[in-house]
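Accompanying notes for the structure given below.
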Ligand code: DAH
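Numbering (the working numbering), first residue to last: 21 to 353.
Dropping the structure here:
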């Protein structure tokens, strides 16, 4: 019988079940043998009993082995798992290029002593426009097409991070040295170059004796940290309601290839931010004595700088969250 148990071929679950019924089921063929022990002469009883037990144990062993094999468990023993084996690697995510550039900008200004000040994206008209020297009938409101929320009336999705200037200046006393990163919204047609949502970083420095030269040097230092020591920058006169005088800062991108011609519109220069001396009227509106204090401010788009840095030619790629695009950037460590 033991020989039969050992040599039975069991290749599938049906064969295993037949085996179980024959050797281990309630009417198995070993049972009558156990019962017949009383007919065995005394001197052979012991040996007979051992053989019957061996048959039972063997049948159980074969059954367990085959059951494991059929269920895909190939381990022959019950040894514990090898804990020294390296773990299977998990897929690691990557940082979004907008986050990478935003953090880099924050890092550069933090090293110069600026503190991060974040504030709300749903803003009231006063902080977004009026306090920034842009009253209701001011034509500059047309520069930024605004999304208004249904209620409360007059509340809107902030069109720029300049609103944080008003939030900070009305609640703190100079010296103020802050940088405000965040998302902004404008009712613009989505295209390769513009989007209805994007990110800005606002910079504000208010203290006694802050000058245009301080601004120029700070912003040039920033450009060097971002684009390398050799970067060439220029300030171009411009207009913003909340700064006087106002300027835009350009970095020289060059005209080396067709791409450079296209994105600089043939000039070689790329604008990266608006800036200027905080208009005394803004300081006064926010409760800061403009005869004692002066300041500079600037606001820059983050997507634009990410596009320059990583040579991305369509802003929409930054909002689609396509993993094939995103995994090209530095991975999370
Ligand atoms: N808020 C302006 C915009 O979104 C950018 C800007 C320009 C911010 C000049 C400033 C500034 O702080 O001084 O177009």
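We put the beta carbon where it would ideally sit given N, CA and C, even for glycine.
query	result
Helix, strand or coil: which one does DSSP assign to residue 190?	coil
Measuring alpha carbon to alpha carbon, tell me which residue in 85, 302, 220, 287 is nearest residue 155.	302
Return the chain-ordered list of same chain residues with a C-beta closer than 7 Å to the C-beta of residue 213, the five sequence neighbours on each side being excluded.	335
Nearest to residue 318 by alpha carbon, out of 259, 311, 307, 34?	259
Among 306, 251, 56, 298, which has the Cα closest to the Cα of residue 329?	251
At a cut-off of 7 Å, is residue 306 close to the ligand DAH when judged by its beta-carbon and the heavy atoms of the ligand?	no
Would you call residue 231 buried or exposed, if buried means 16 or more other Cβ atoms sit within 10 Å of its Cβ?	exposed
Within the continuous alpha helix (DSSP H) that includes residue 81, where are the two ends?	62-90
Based on Cα-Cα distance, which residue from 333, 152, 221, 174 lies nearest to residue 128?	221
Does the beta carbon of residue 296 fall short of 7 Å from some heavy atom of the ligand DAH?	yes
What does a CB cutoff of less than 7 Å around residue 12 pick up in its chain, not counting 5 residues either side in sequence?	It is not possible to answer for residue 12, since the shown part of the chain is limited to 21 through 353.
What is the DSSP secondary structure of residue 228, counted as helix, strand or coil?	coil
According to DSSP, what are the bridge partners of residue 219?	203
Assuming residue 30 contacts residue 74 (C-beta within less than 8 Å), just tell me the rounded distance between them.	At roughly 19 Å, the Cβ-Cβ gap does not stay under 8 Å, so residue 30 and residue 74 are not in contact.
For residue 132, name the three-state secondary structure that DSSP assigns.	coil
Run the CB neighbour count on residue 148, radius 10 Å, all protein chains shown included, and call it buried at 16 or more, exposed below.	buried
Between residue 141 and residue 203, how many whole angstroms is the CB-CB distance? I'm expecting something under 8 Å.	6 Å
Give a single yes or no on whether residue 260 has its beta carbon closer than 7 Å to a heavy atom of the ligand DAH.	yes
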